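Visitor: For the sequence shown, our numbering gives the first residue as 12, with consecutive numbering after it. One structure, pasted below without further comment.
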Amino acid sequence: VVSTQSTGKQWYQRRVRASSGINAEYGERVQRILGTGPNAALRSETLEFAMSESVRSNDTPFVIHGVANAGPEGRDQTWAFIKNKFPVFLERYSGGFLFTRLVQVTSNFTTMDHYKDIEKFFAENKAPSAERAVKQSLESIKLRAAWLERDGESVAQWFTEQGL
12 VVSTQSTGKQ
22 WYQRRVRASS
32 GINAEYGERV
42 QRILGTGPNA
52 ALRSETLEFA
62 MSESVRSNDT
72 PFVIHGVANA
82 GPEGRDQTWA
92 FIKNKFPVFL
102 ERYSGGFLFT
112 RLVQVTSNFT
122 TMDHYKDIEK
132 FFAENKAPSA
142 ERAVKQSLES
152 IKLRAAWLER
162 DGESVAQWFT
172 EQGL
């Protein structure tokens with residue numbers, strides 16, 4: 012809860028704790044929540060931190076996923092980061108489940124614009140080891156987009172009626 016309202020100073024203190032190596036389990040937890048707040052600059056810092064030597068390479072995808080869990084803005088920011096660093100990720104993780112984990116960031120998008128962007132990106136940037144994950148993500152996006160098209164207004168109305 013605190014991380015969603017982090018200031019730059021609080022974020023930096025958490026990053027130091029995550030990197031300290033005193034308690035590995037605690038450090039991993041902190042790494043995964045660093046980017047969950049609404050501050051775009053701190054999410055960017057977290058994405059860059061995930062690629063640093065302070066984060067074990069097998070933890071990097073989970074730190075990145077944490078940023079994607081920061082809502083629509085976090086997902087967009089994370090997807091742009093993944094596209095930008097794709098050659099690095101492909102070299103580092105291709106063939107393993109961690110690469111698939113990175114691709115799964117795309118599965119929570121809800122628009123056909125995102126669908127087209129992801130489809131085009133993976134058509135131009137082959138990732139054979141993640142082919143199934145890409146197909147599953149595209150299917151999830153298509154289903155969510157159809158659901159929002161069909162029921163979005165009534166769901167929004169329900170939330171309004173509930174005072175949410």
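Glycine is no exception: its CB is placed at the ideal position from the N, C-alpha and C atoms. Computed from a prediction, not measured in an experiment: that's the story for all the values here.
#1: For A141, count neighbouring Cβ atoms within 10 angstroms of its own Cβ and tell me buried if that reaches 16, exposed if not.
#2: Considering only the beta carbon of each residue, do T121 and R155 sit closer than 7 Å?
#3: Between K94 and the rest of its own chain, which residues show a CB-CB distance below 7 Å, the 5 nearest in sequence each way excluded?
#4: Mind checking which residues open and close the alpha helix (DSSP H) that includes N95?
#5: Going by C-alpha distance, which of S165, L175, S151, M62 is nearest F103?
#6: Which word fits P98, buried or exposed, when buried means at least 16 other C-beta atoms lie within 10 angstroms of its C-beta?
#7: With DSSP as the reference, label V145 as helix, strand or coil.
Guide: Reading from the atomic positions:
#1: The residue you call residue 141 lines up with position 130 of the sequence shown. With 16 or more Cβ atoms within 10 Å of its Cβ, A141 is classed as buried.
#2: Here residue 121 is taken as the residue at index 110 of the sequence shown, counted from 1. Here residue 155 is taken as the residue at index 144 of the sequence shown, counted from 1. Yes, they are a contact pair.
#3: As a working note, residue 94 is residue 83 in the sequence shown. If we look at K94 and ignore the five residues flanking it on each side, its Cβ neighbours are F132.
#4: By 1-based counting over the sequence shown, the position of residue 95 is 84. That run of the alpha helix (DSSP H) goes 83-95.
#5: Taking the sequence shown and counting its residues from 1, the one referred to as residue 103 is at position 92. The residue asked about is misnamed: residue 103 is Arg in this sequence, not Phe. Of the listed residues, the one whose Cα sits closest to R103 is M62.
#6: Indexing the sequence shown from 1 puts residue 98 at position 87. Classification for P98: exposed.
#7: Within the sequence shown, numbered from 1, the residue matching residue 145 stands at position 134. Assignment of V145 by DSSP, reduced to helix, strand and coil, places it in the helix class.
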